[in-house]
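Enquirer: For what it's worth, the numbering used here labels the leading residue of the sequence shown as 16, then goes sequentially.
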Amino acid sequence: MPQTEFPSETEIVIIGGGVIGCSVAFHLTQLGYRDVHLLERRELTCGTTWHAAGLIGQLRATSNMTKLSQYTSDLYRDLESISGYATGFKQNGSLSVATSEARWEELRRGSDMARNLGLACITLSPDHIEELNPQINIKDVVGGLFLPSDGQTNPIDTTRALAAAARQGGATIHEGVTVTSILKKDDVATGVKTSKGEIFAKKIVLCGGMWSRDLAASVGVTVPLHAAEHFYAVTEPIPGLPTNFPVLRDPDNCIYIKEDAGKLLIGAFEPIAKPWGHDGIPKDFSFDELPPDLDHFEPFLMKAMHRLPALENAGIHTWFNGPESFTPDDRYMLGEAPNLSNLFVATGFNSVGIQSAGGAGKVLAEWISKGEPPMDVWDVDIRRMHPFQQNKAYLYDRTIESLGLLYQMHWPHRQPETARGVRKSPLHDRLSQAGACFGTNTGWERPNWFAHKGQVAKYEYSYGRQNWFDNSRHEHMATRENVTLFDQTSFSKYRVEGPDARHS
Ligand SMILES: Cc1cc2nc3c(=O)[nH]c(=O)nc-3n(C[C@H](O)[C@H](O)[C@H](O)COP(=O)(O)OP(=O)(O)OC[C@H]3O[C@@H](n4cnc5c(N)ncnc54)[C@H](O)[C@@H]3O)c2cc1C
16 MPQTEFPSET EIVIIGGGVI GCSVAFHLTQ LGYRDVHLLE RRELTCGTTW
66 HAAGLIGQLR ATSNMTKLSQ YTSDLYRDLE SISGYATGFK QNGSLSVATS
116 EARWEELRRG SDMARNLGLA CITLSPDHIE ELNPQINIKD VVGGLFLPSD
166 GQTNPIDTTR ALAAAARQGG ATIHEGVTVT SILKKDDVAT GVKTSKGEIF
216 AKKIVLCGGM WSRDLAASVG VTVPLHAAEH FYAVTEPIPG LPTNFPVLRD
266 PDNCIYIKED AGKLLIGAFE PIAKPWGHDG IPKDFSFDEL PPDLDHFEPF
316 LMKAMHRLPA LENAGIHTWF NGPESFTPDD RYMLGEAPNL SNLFVATGFN
366 SVGIQSAGGA GKVLAEWISK GEPPMDVWDV DIRRMHPFQQ NKAYLYDRTI
416 ESLGLLYQMH WPHRQPETAR GVRKSPLHDR LSQAGACFGT NTGWERPNWF
466 AHKGQVAKYE YSYGRQNWFD NSRHEHMATR ENVTLFDQTS FSKYRVEGPD
516 ARHS
């Protein structure tokens with residue numbers, strides 16, 4: 016390979032050669048940018064990307080996130096012909112099963128959204144699930160949702176294909192170059208200092224995975240994420256396993272199962288996770304694994320055997336444990352840093368980075384090009400984050416919960432249980448005595464409703480009428496017909512300054 020010339024000045028620098036950095040580079044070249052340099056500490060994919068399970072699901076919590084994942088799936092379908100490199104992408108479908116009426120309701124709501132967005136899906140009775148895959152134990156299954164165009168990919172090959180396509184479009188990729196600091200003048204990012212010298216750049220894009228938090232913090236930018244251990248096991252080869260075995264998700268049991276080159280891979284989103292790298296991510300971490308923890312993982316393997324009894328006779332070939340980044344609200348972070356212009360961020364992918372990379376890369380490239388996001392991506396906009404969330408104890412505590420949330424019930428009004436009580440109003444105790452049921456908003460404990468005398472101030476989550484319906488009615492009527500005093504401590508306040516600012 017020819018020696019790549021190292022620039023001292025460029026239009027765009029991308030930090031990090033995982034799936035996200037490579038997707039951003041590719042999409043920038045699609046917009047006509049040529050002066051794009053991606054800097055990777057070691058080798059492409061060496062952080063988290065190389066060991067991902069590679070599930071490509073498209074149905075997300077909101078319509079915009081679903082559209083972005085649909086785009087990713089379409090891109091991966093075409094990526095081999097775009098780049099000339101095989102990716103391992105296949106659309107073998109995905110099947111999610113419900114073992115409770117509430118989960119069944121959740122799946123059916125998801126199917127309505129999918130249909131509205133033109134994403135093919137079929138709701139299945141237990142008998143139909145058995146027809147689709149006779150290996151599945153349907154005894155405790157209420158129903159299922161099948162998405163035929165979902166699938167899986169090889170994360171390393173897909174990232175290399177994105178990198179190849181980016182190179183073909185004019186981008187330059189430098190491996191073995193570490194960014195040691197971000198350069199700035201006042202509140203504008205101006206470049207990077209690297210192990211090979213300084214590069215001045217008009218825009219800097221931070222796609223440094225779990226390393227991003229500390230690098231951003233060094234220039235006063237809040238990128239709250241914490242790594243957690245993430246587990247899967249791979250069986251020995253299973254004779255006769257069909258290669259079109261759909262990805263199987265059993266969220267009530269916190270597990271997924273996918274076909275992996277004639278073997279099965281069983282992964283878990285356990286409700287109590289193990290945060291990792293609290294004091295920083297080792298600088299030399301590269302294609303590394305963490306020690307397996309069989310006591311932690313075994314209960315989920317047992318649940319997988321219950322769902323797919325064929326696993327009982329399969330030997331385990333690999334116990335895998337690798338780190339991934341999680342954010343306080345389980346959503347990734349995209350966009351320009353609010354307090355450091357020209358520094359863009361795409362990081363904190365909560366175990367959906369492979370399936371999000373296409374859409375996230377496209378949106379960020381357009382954001383960089385136009386100076387504003389091309390669509391409403393407030394769910395993942397970096398500006399929603401607050402400096403207090405940089406607190407490591409807060410991040411550690413929340414990460415214990417956030418990994419598992421992907422497969423927990425996505426109840427309306429669901430409140431996090433960890434890292435609570437971070438910000439309290441001076442009236443907190445009095446509100447509590449008055450029966451407040453608190454929710455959390457930007458870290459504040461906010462009274463969401465007040466319990467009646469004798470009622471426990473606690474959410475009973477439901478897709479139906481809420482247990483606080485009458486409490487809310489009572490408060491509403493009191494406000495309409497009498498006088499109500501609201502504690503506004505947890506609400507945003509804006510200071511309007513300047514010659515034309517005045518009280519009206
Ligand atoms: C066990 C497991 C299973 C998973 N399964 C799935 C799945 O099925 N589907 C899915 O969508 N996602 C899955 N994921 C998540 C997915 O792997 C990640 O979300 C994704 O790889 C994150 O990509 P990234 O580019 O942000 O991070 P990374 O891949 O970590 O890339 C960041 C890169 O930045 C480089 N870097 C850091 N600091 C610097 C610096 N200062 N200078 C230069 N370079 C730097 C690093 O070396 C690294 O290569 C899984 C994750 C795990 C751990």
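Positions of the beta carbon are idealized from the N, C-alpha and C atoms, including for glycine. Quick caveat, the model's predicted, so the values are computed rather than measured.
By Cβ distance below 8 Å, which residues in the same chain neighbour M16 in space, the five residues on each side in sequence not counted?
Expert: Legend: pLDDT at M16 = 41, less than 50; position of this residue unreliable, no value from coordinates given.
Enquirer: Counting only the same chain and skipping the five closest in sequence on each side, list residues whose C-beta sits under 6 Å from that of R264.
Expert: Answer for R264: S111, Y271, listed in chain order.
Enquirer: Going by beta carbon distance, what residues of the same chain come within less than 6 Å of T499, once the five residues before and after it are set aside?
Expert: The answer, listed in chain order, is A493.
Enquirer: Between P22 and the rest of its own chain, which residues show a CB-CB distance below 7 Å, the 5 nearest in sequence each way excluded?
Expert: Excluding positions up to five away in sequence, the list reads H52, I214.
Enquirer: By alpha-carbon positions, which one of E55, L46, R49 ends up nearest to G36?
Expert: It is E55.
Enquirer: Between which residues of its own chain and Q423 is the CB-CB distance below 7 Å, once the five residues before and five after are set aside?
Expert: Closer than 7 Å at the Cβ level, and outside the excluded window around Q423, lie P286.
Enquirer: CA-CA distance, K199 and G295?
Expert: Those two C-alpha atoms are separated by around 23 Å.
Enquirer: Flag this pair as yes or no: are the beta carbons of L410 and P297 separated by less than 7 Å?
Expert: In this structure, P297 does not lie closer than 7 Å to L410 by Cβ.
Enquirer: Can you say whether T258 is buried or exposed, counting buried as having 16 or more other CB atoms within 10 angstroms of its CB?
Expert: Exposed, by the Cβ-count rule.
Enquirer: Apart from the five residues on each side of it in sequence, which residues of its chain come closer than 8 Å, Cβ to Cβ, to I27?
Expert: The residues are L43, Y48, D50, V51, H52, A216, K217, K218, I219, V220, I383.
Enquirer: Quick one: any contact between the stretch 451-466 and the stretch 395-404, if contact means 3 or more CB pairs under 8 Å?
Expert: Enough Cβ pairs lie closer than 8 Å, so yes.
Enquirer: Where does N328 sit, in a helix, a strand or coil, going by DSSP?
Expert: Helix at N328.
Enquirer: For Q370, is the classification buried or exposed, using 16 other Cβ atoms within 10 angstroms of its Cβ as the cut-off for buried?
Expert: Q370 should be labelled buried.
Enquirer: For the stretch 351-367 against the stretch 298-307, are there 3 or more C-beta pairs whose distance is under 8 Å?
Expert: Because the criterion of three Cβ pairs below 8 Å is not met, the stretch 351-367 and the stretch 298-307 do not touch.
Enquirer: Thinking just about the alpha-carbon of each residue, which of R445, G99, L256 is nearest to the one in G277?
Expert: With distances taken between Cα atoms, G277 lies closest to L256.
Enquirer: Determine the closest residue to I97 out of A129, P141, Q45, with distance taken between C-alpha atoms.
Expert: When only C-alpha atoms are compared, the closest one is Q45.
Enquirer: Per DSSP, what are the beta-bridge partners of I27 in this structure?
Expert: For I27, which the question treats as bridged, DSSP gives the partners V51, K218.
Enquirer: Report the start-end ranges of each beta strand (DSSP E) in the stretch 390-477 that is 3 residues or longer and not cut off at the edges.
Expert: With a minimum length of 3 residues, the continuous beta strand (DSSP E) runs that stay inside the stretch 390-477 are 451-456, 459-465.
Enquirer: Would you mind sorting N169 into buried or exposed? The rule is 16 or more other CB atoms within 10 Å of its CB.
Expert: Buried, since its Cβ has 16 or more Cβ neighbours within 10 Å.
Enquirer: With distances taken between CB atoms, is the gap from L160 to T138 smaller than 7 Å?
Expert: Yes.
Enquirer: Would you kindly work out how many angstroms separate the C-alpha atoms of C269 and P149, rounded to a whole number?
Expert: Whole-angstrom Cα-Cα distance: 21 Å.
Enquirer: Ligand 1 heavy atoms versus the CB of G69: any closer than 6 Å?
Expert: At least one heavy atom of ligand 1 is nearer than 6 Å to the Cβ of G69, so yes.
Enquirer: Do the stretch 64-73 and the stretch 152-159 touch if we need at least three Cβ pairs shorter than 8 Å?
Expert: In short, these stretches do not touch, since the Cβ pair count stays below three.
Enquirer: Quick check: does the Cβ of R175 come within less than 6 Å of any heavy atom belonging to ligand 1?
Expert: Checking every heavy atom of ligand 1 against the Cβ of R175, none is found closer than 6 Å.
Enquirer: Between P514, G31, N79, G450, which has its C-alpha nearest C222's C-alpha?
Expert: The residue with the shortest Cα to Cα distance from C222 is G31.
Enquirer: Is it the case that the Cβ atoms of F260 and E274 are separated by a distance below 7 Å?
Expert: Yes.
Enquirer: Going by the DSSP bridge assignment, what does T362 pair with across the sheet?
Expert: T362 pairs with M348.
Enquirer: Is DSSP giving F246 helix, strand or coil here?
Expert: Strand.
Enquirer: Just verifying my parser: in three-state terms, what is the DSSP assignment at L323?
Expert: L323: coil per DSSP, three-state reduction.
Enquirer: Give the single residue among S507, S164, N482 whose Cα lies nearest to the Cα of Q106.
Expert: For the residues S507, S164, N482, the minimum Cα distance to Q106 belongs to S164.
Enquirer: Ligand 1 and W334: does any heavy atom of the ligand fall closer than 6 Å to the residue's C-beta?
Expert: No, the Cβ of W334 stays beyond 6 Å of every heavy atom of ligand 1.
Enquirer: For ligand 1, any of its heavy atoms closer than 6 Å to the Cβ of E14?
Expert: Past the boundaries of the shown model lies residue 14; the chain is included only from 16 to 519, so the question cannot be answered.
Enquirer: Does any heavy atom of ligand 1 sit closer than 6 Å to the C-beta of G99?
Expert: No, the beta carbon of G99 sits no closer than 6 Å to any heavy atom of ligand 1.
Enquirer: Using 7 Å as the threshold, is the C-beta distance between L94 and T102 below it?
Expert: The answer is yes: Cβ separation under 7 Å.
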